[in-house]
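Participant:
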Amino acid sequence: MGCNGGSRNSSGDDAKRALSPSHSSRVSAGAEVARARLAVSPAFVDVAGNLGIAFEPFNDAVPGRYFLPEVMGSGVAWIDFDLDGCLDLYLANGCPLREKASDYPEARHFNQLFQNCDTERFRNVTINANVGDDGYGQGIAVGDFDADGFPDLFVANYGANRMLRNNGDGTFDDVTQQTGVGNDRWATSTIFLDLNRDSLLDLYVVNYLDVTFANYKICVYNEKPGYCGPGDYEGVQDLAYINQGDGTFIESADKLGLTESDGKGLAVAALDFNDDLQPEVYVANDMSPNFFFSQNKSTASTGKPLFHNVAVAAGCAMSDDGEYEASMGVSCADFDRDGRPDIFLSHFHAAKNTLYHNLGNLTFSDNSRRSRIAATSFDMTGFGTLPFDYDRDGFMDLFIANGHVLGPEQTPNKMQPQLLHNNGAGRFIDVSNDAGQYFREVMLGRAVAGGDYDNDGDLDIAVTHLDHPPVLLRNDTESGRHFIGMCLKSRDRIPPVGGRVVIANVKSPLVIPIQRGGSYLASPDSRIVIGLGTEVEPVDVDIYWPSGHVDHIKGLQVDRYWRIVEGLPPEPV
Numbered sequence: 178m179g180c181n182g183g184s185r186n187s188s189g190d191d192a193k194r195a196l197s198p199s200h201s202s203r204v205s206a207g208a209e210v211a212r213a214r215l216a217v218s219p220a221f222v223d224v225a226g227n228l229g230i231a232f233e234p235f236n237d238a239v240p241g242r243y244f245l246p247e248v249m250g251s252g253v254a255w256i257d258f259d260l261d262g263c264l265d266l267y268l269a270n271g272c273p274l275r276e277k278a279s280d281y282p283e284a285r286h287f288n289q290l291f292q293n294c295d296t297e298r299f300r301n302v303t304i305n306a307n308v309g310d311d312g313y314g315q316g317i318a319v320g321d322f323d324a325d326g327f328p329d330l331f332v333a334n335y336g337a338n339r340m341l342r343n344n345g346d347g348t349f350d351d352v353t354q355q356t357g358v359g360n361d362r363w364a365t366s367t368i369f370l371d372l373n374r375d376s377l378l379d380l381y382v383v384n385y386l387d388v389t390f391a392n393y394k395i396c397v398y399n400e401k402p403g404y405c406g407p408g409d410y411e412g413v414q415d416l417a418y419i420n421q422g423d424g425t426f427i428e429s430a431d432k433l434g435l436t437e438s439d440g441k442g443l444a445v446a447a448l449d450f451n452d453d454l455q456p457e458v459y460v461a462n463d464m465s466p467n468f469f470f471s472q473n474k475s476t477a478s479t480g481k482p483l484f485h486n487v488a489v490a491a492g493c494a495m496s497d498d499g500e501y502e503a504s505m506g507v508s509c510a511d512f513d514r515d516g517r518p519d520i521f522l523s524h525f526h527a528a529k530n531t532l533y534h535n536l537g538n539l540t541f542s543d544n545s546r547r548s549r550i551a552a553t554s555f556d557m558t559g560f561g562t563l564p565f566d567y568d569r570d571g572f573m574d575l576f577i578a579n580g581h582v583l584g585p586e587q588t589p590n591k592m593q594p595q596l597l598h599n600n601g602a603g604r605f606i607d608v609s610n611d612a613g614q615y616f617r618e619v620m621l622g623r624a625v626a627g628g629d630y631d632n633d634g635d636l637d638i639a640v641t642h643l644d645h646p647p648v649l650l651r652n653d654t655e656s657g658r659h660f661i662g663m664c665l666k667s668r669d670r671i672p673p674v675g676g677r678v679v680i681a682n683v684k685s686p687l688v689i690p691i692q693r694g695g696s697y698l699a700s701p702d703s704r705i706v707i708g709l710g711t712e713v714e715p716v717d718v719d720i721y722w723p724s725g726h727v728d729h730i731k732g733l734q735v736d737r738y739w740r741i742v743e744g745l746p747p748e749p750v
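Under my numbering, the letters of the sequence shown match residues 178 to 750, in that order.
Structure (structure tokens):
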């Protein structure tokens, strides 16, 4: 069923505000009334243990040390590495954090790969596949950088990054040195995409802070120790690696215009926001202005770099009142179905999450309060987030993993995850308490990746935590509604990031951007899953490819996946 196979934290005043009495956001009368009127009840069940996903994360949290990397969590990725049509699960792990290399013990903690066996169980194949990187794992990118048909893995670390090439026989090789992508800055989220329009997958790596044992600090909040935030450290410039087509990459952020000096990045998403079929790159920065890199229309005659940062002019660099926000996680989707993708950002406790409404022409307005995103978020510190249509009503809902970052001495610390229902009228309703047992528990949630692991046409959710094994939330919501799924490849057989899909013959056309990235430290299912509501008749699909070509496809059957290559007839999967 796969595309390739068969069938914050903060310090000073901000942190003091975070510890002040919180706003109540989950018990308002309006939300309770709206929840009671839901046509479909959400249902999610953690099946990780039953399916054989057994993994105890290690973050080397030393009591009393408060070394910032240990509280940021580790990543998760969906990858069909063996091309059998079933999504496999790759989980990053930590390692001992020591001041001197000579102090490191023999490696005992590794990233883990769980192979999906016909959607019925997962098998740990880490050793046989040779993917057990022993670095301090953060974000993960999935992409076929060498164009051999098999997806590869890039692991962003606190420390040297890793490139793992898929050999196509169930094993991977560490090709970090050969490819030249092993920079040792503190990297967080990362994505593969074609940055320079040469039909080769390049690599964007978000970097966070310059935190070392030589300069780290312990902060005090309400007379108790805790982790210092981004205000106490310098940011680190992001990296953009251009694929040379010979198995090597050249770092080219300056040349491309993808450089800013004040970034403290945690998340990234790439998609087309202005209908020119070329992706913008949005970087969520922690307590510094977010980046919004757009492509210049003409570079040959002007000599300008390909990208330039338009975040301030676009209105998505900071909040509507001019405040820098924590920006841990990012989700992009057309939440109001006006045909333009919007931007959701998860933020710090006692501050709102943010929903930027896309007004067109690369301009945005902060719609957090009108949409009730603000009202649902003051009690939370959000990290990974997922836009998905859990009930197939045609409107994109939101999942958010929450958990504080100041440390166990502080209150609050552990938090409930959230499921926000999009009511189709511009408002989000917190339905977490009705969604299953997992949503009633408190924990320290971090990375989130959506993937249809059981190929039933709805997204399930993998979540990592600091204090709890990862969970796999199977979506058991019974809606009686329909879907269509798509595996898309451009004519060059790379993901068509920047394109869009339009479902045309429905009451209100659906526009779905083709994107990469999002969430926090995560790589989601690369397929597109579209909720169709009660539409049961075959749908007409228009696919706008980054090349400018448009495929008009008539009469695709619903409730199944389709493999579509640019310019070729669709194939059922």
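We put the beta carbon where it would ideally sit given N, CA and C, even for glycine.
Here the structure is a predicted model, which is why all the values come from computation and not from measurement.
1. Is DSSP giving Phe232 helix, strand or coil here?
2. Taking just the CA atoms, how far does Ala602 sit from Asp262?
3. Can you tell me where the alpha helix (DSSP H) holding Asp431 begins and where it ends?
4. Using a threshold of 8 Å, state whether the C-beta atoms of Ile230 and Phe299 are closer than that.
5. Going straight from the alpha carbon of Val688 to that of Glu586, what length do you get?
6. Taking DSSP as the reference, what is the three-state secondary structure of Leu596?
7. Over what stretch of residues does the beta strand (DSSP E) that includes Asn344 continue unbroken?
8. On the three-pair Cβ rule with 8 Å, is the region 410-426 touching the region 673-693?
9. I'd like to check one pair, Leu448 with Gly708: are the Cβ atoms closer than 8 Å?
10. Within 10 Å of its beta-carbon, does Ala284 have 16 or more other beta-carbons around it, so buried, or fewer, so exposed?
11. Could you pull the start and end residues of the beta strand (DSSP E) that Ile304 belongs to?
12. Taking just the CA atoms, how far does Gln289 sit from Pro647?
13. Under three-state DSSP, which class holds Ala225?
14. Would you kindly report the start and end of the unbroken alpha helix (DSSP H) that includes Thr353?
15. How about the region 488-501 and the region 457-474: do they share at least three Cβ pairs that are nearer than 8 Å?
16. Skipping 5 residues on each side, what residues in its chain have a beta carbon closer than 7 Å to that of Met592?
17. Buried or exposed for Lys529, please, with buried defined as at least 16 other CB atoms from any protein chain shown within 10 angstroms of its CB.
18. Give the DSSP-derived three-state secondary structure of Asp498 in the structure shown.
19. Output the residue ranges of the beta strand (DSSP E) runs that lie fully inside the region 441-488 and measure 3 residues or longer, sorted by chain position.
20. Taking only the alpha-carbon atoms, compute the straight-line gap between Tyr410 and Asp463 and give it to the nearest angstrom.
21. In this structure, does DSSP put Phe146 in helix, strand or coil?
22. Identify, in the order they occur along the chain, each residue of the same chain with its Cβ nearer than 6 Å to the Cβ of Leu532, setting aside the five sequence neighbours on each side.
23. Mark Leu745 as exposed unless 16 or more other C-beta atoms lie within 10 angstroms of its C-beta, in which case mark it buried.
24. Here's a check: name, in chain order, each residue in its chain whose Cβ is nearer than 8 Å to the Cβ of Asp323, leaving out the five neighbours to either side.
25. Who are Ile550's beta bridge partners in DSSP?
26. So if DSSP puts Ala417 in a beta bridge, which residue, or which two residues, is it bridged to?
27. By Cβ distance below 6 Å, which residues in the same chain neighbour Asn451 in space, the five residues on each side in sequence not counted?
28. Is it the case that the Cβ atoms of Gly320 and Ala269 are separated by a distance below 8 Å?
29. Rounded to the nearest angstrom, what separates Leu492 and Ser542 at their Cα positions?
30. Please classify Gly252: is it buried, with 16 or more other beta-carbons within 10 angstroms of its beta-carbon, or exposed?
31. Which ranges does the alpha helix (DSSP H) cover as unbroken runs of at least 4 residues, wholly within the region 247-313, from first to last along the chain?
32. With C-beta atoms as the reference, is Val683 less than 8 Å away from Val640?
33. Could you check whether Pro672 and Val679 sit closer than 8 Å to each other, using their CB atoms as the reference points?
34. What would DSSP say about Arg569, mapped onto helix, strand or coil?
35. So, is Ile720 buried or exposed, given that buried needs 16 or more other C-beta atoms within 10 angstroms?
36. Count the CB pairs spanning the region 348-365 and the region 332-339 that are closer than 8 Å, and state whether there are at least three.
Facilitator: For this structure:
1. Note: Phe232 maps to coil in three-state DSSP.
2. Asp is not the amino acid found at residue 262; the sequence shown has Gly there. A straight line joining the alpha-carbon of Gly262 with that of Ala602 spans about 37 Å.
3. For Asp431, the uninterrupted alpha helix (DSSP H) run begins and ends at 430-433, by DSSP.
4. Taking 8 Å as the cut-off, the Cβ atoms of Ile230 and Phe299 count as close.
5. 46 Å
6. strand
7. Unbroken run through Asn344: none, as it is neither H nor E.
8. Judged by Cβ distances under 8 Å, the region 410-426 makes no contact with the region 673-693, as fewer than three pairs qualify.
9. In this structure, Gly708 keeps its C-beta atom at 8 Å or more from the C-beta atom of Leu448.
10. With fewer than 16 other CB atoms across the displayed protein chains lying within 10 angstroms of its CB, Ala284 is exposed.
11. It is not in any beta strand (DSSP E) - Ile304 instead sits in the alpha helix (DSSP H) that spans 303-306.
12. 11 Å
13. helix
14. 353-356
15. yes
16. Met557, Thr558, Asn579, Gly580, His581, Val619
17. Result: buried.
18. coil
19. 442-448, 457-462, 468-472, 484-486
20. Going from the Cα of Tyr410 to the Cα of Asp463 covers about 11 Å.
21. In the structure displayed, the chain extends from 178 to 750; residue 146 sits before or after that span and is not available.
22. Phe521, Asn544, Ser545, Ser548, Ile550
23. exposed
24. Asp329, Arg342, Gly424
25. Its beta-bridge partners do not exist; DSSP assigns none.
26. Tyr381
27. Leu539
28. no
29. The sequence as given places Gly at residue 492; Leu does not occur at that position. Straight-line Cα distance between these residues: approximately 6 Å.
30. Classification for Gly252: buried.
31. 303-306
32. no
33. no
34. coil
35. buried
36. yes
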